Amino acid sequence: MYPIQNTHIAAISKLGAWQLEALRIPADIAKEYSEILALREKIKLVTDLKTAALYSVLPRA
């Protein structure tokens with residue numbers, strides 16, 4: 014484990030229940046974030062496919 018991780022774990026273990034609740038991400042925000050990540054992956058896939066198709070069409074030198 015890296016030293017920074019140990020520091021974070023120690024800090025989190027000292028938090029009270031109400032402080033931990035304040036750190037929790039609301040479900041609707043988490044859902045929107047996961048949808049954004051899925052869309053980013055789809056965009057990356059389409060971009061990669063388009064790039065691959067472009068390179069397969071270009072004449073080779």
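Here my numbering is used: the sequence shown runs in plain steps of one and ends on residue 74.
Virtual Cβ for every residue (Gly too), placed ideally from N, Cα, C.
Quantities reported herein were computed from a predicted structural model and do not represent experimental measurements.
Here the alpha carbons of TYR68 and LEU50 stand approximately 27 Å from one another. In the DSSP assignment, ARG53 falls within the alpha helix (DSSP H) that extends over 40-70. Pairing ALA65 with ILE22, the inter-Cα distance amounts to about 44 Å.
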